[in-house]
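Under the numbering used here, the first residue of the sequence shown carries the number 1, and numbering increases by one thereafter.
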Amino acid sequence: MSATSATPATGCYLFINLEHSTVASLSNGTAGTAVRSADGGDNAGQDKRNRWNVARLANGKYTIQNYQQASFATTVGTNPTTGSNVVGSATPKQWLIKAGSDGAFTISTTSEAHPLFWGLISQDVDTEARFSIHPLDLTTADACG
Numbered sequence: 001m002s003a004t005s006a007t008p009a010t011g012c013y014l015f016i017n018l019e020h021s022t023v024a025s026l027s028n029g030t031a032g033t034a035v036r037s038a039d040g041g042d043n044a045g046q047d048k049r050n051r052w053n054v055a056r057l058a059n060g061k062y063t064i065q066n067y068q069q070a071s072f073a074t075t076v077g078t079n080p081t082t083g084s085n086v087v088g089s090a091t092p093k094q095w096l097i098k099a100g101s102d103g104a105f106t107i108s109t110t111s112e113a114h115p116l117f118w119g120l121i122s123q124d125v126d127t128e129a130r131f132s133i134h135p136l137d138l139t140t141a142d143a144c145g
């Protein structure tokens, strides 16, 4: 997902919160484990828990799978609400990934009427990723190259 591309490519990436310089991480493969923020410093890409395989599907949507845990990012239940967590699961879920502002990207549920966006809402490390009605710009770095 280069900053110049409006359509993210299939690949392995870090998801970096532009505001707080934290990254999305999954500590273990147990179903229901919350995706959490981790330190986005220079060594963030070396920790395989911070890496995400993004696969673009034929319908233009995406699946997001943690590189180390092989768990897919998903929601708790079929109708997540604002404030609910992004969690790991053995079952893939489809996501929308769209160009945001200044070359960044947003990740959201596939509901066109009421999309909810991924958010690493705190600058603190080890904070759960939660859904918000407000898009949060994320940038990516090629993590597995």
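The C-beta atom is built at its ideal place from N, Cα and C for all residues, glycine as well.
Beta-carbon within less than 8 Å of residue i's beta-carbon, same chain only, minus the 5 sequence neighbours each way: which residues are those?
i, result
"ALA70", "GLY29"
"SER25", "VAL35, ARG36, SER37, ALA38, ASP47, ARG49 and ASN50"
Closest to residue i by CA distance: which of the options is it?
i, options, result
"LYS93", "LYS61, ALA113 and LEU26", "LYS61"
"SER108", "SER37, ALA73 and GLN123", "ALA73"
"GLY77", "PHE105, SER89 and ASN66", "SER89"
"PRO80", "ILE64, TRP95 and ASN59", "TRP95"
"VAL54", "GLU128, HIS114, LYS98 and LEU120", "LYS98"
"GLY11", "ASP102, ILE64, LEU116 and GLY41", "ILE64"
"THR91", "ASN66, ALA113, SER111 and THR106", "ASN66"
"THR33", "GLN123, SER111, THR110 and THR75", "THR75"
"ILE9", "THR82, ALA58, THR110 and ASP42", "It is Ala, not Ile, that sits at residue 9 in the sequence shown. Considering only alpha carbons, the answer is ALA58."
"GLY41", "ILE16, SER111 and CYS144", "ILE16"
"ARG56", "SER111, THR7, TRP118 and THR110", "THR7"
"TRP118", "TRP52, THR82 and SER27", "THR82"
Please work out which residues of its chain come closer than 7 Å, Cβ to Cβ, to residue i, disregarding the five sequence neighbours upstream and downstream, and give them in chain order.
i, result
"VAL125", "THR22, SER37, ALA38 and ASP39"
"ALA44", "LEU14, VAL23, ALA38 and ASN50"
With respect to the beta strand (DSSP E) encompassing residue i, which residues constitute its N-terminal and C-terminal limits?
i, result
"ALA99", "96 to 99"
"SER108", "105 to 108"
"SER132", "130 to 132"
"GLY45", "First-last for GLY45: undefined, no H or E at that position."
With a threshold of 7 Å between beta-carbons, can residue i be considered close to chain C, or not?
i, result
"THR30", "You won't find chain C in this structure, because it holds only one protein chain."
Tell me the DSSP bridge mates of residue i?
i, result
"CYS12", "ASN53"
"VAL87", "ALA34 and THR74"
"GLN65", "ASN53 and PHE72"
"ALA24", "SER37"
"GLY119", "ARG130"
What I want to know is whether the C-beta of residue i ends up closer than 6 Å to one or more non-hydrogen atoms of the ligand FAD.
i, result
"PRO80", "What this structure holds is no ligand at all, so the ligand FAD is not there to describe."
Suppose contacts are defined by Cβ-Cβ distances below 7 Å. Is residue i in contact with residue j by that definition?
i, j, result
"VAL86", "ALA31", "no"
"PHE131", "LEU116", "yes"
"LEU18", "ALA104", "yes"
Within a Cβ cutoff of 6 Å, which residues of the same chain sit near residue i, ignoring the five residues on either side of it in sequence?
i, result
"THR127", "SER37"
"SER84", "VAL76 and PHE131"
"HIS20", "GLN123"
"GLN148", "Outside the shown range of the chain (1 to 145) lies residue 148, about which nothing can therefore be said."
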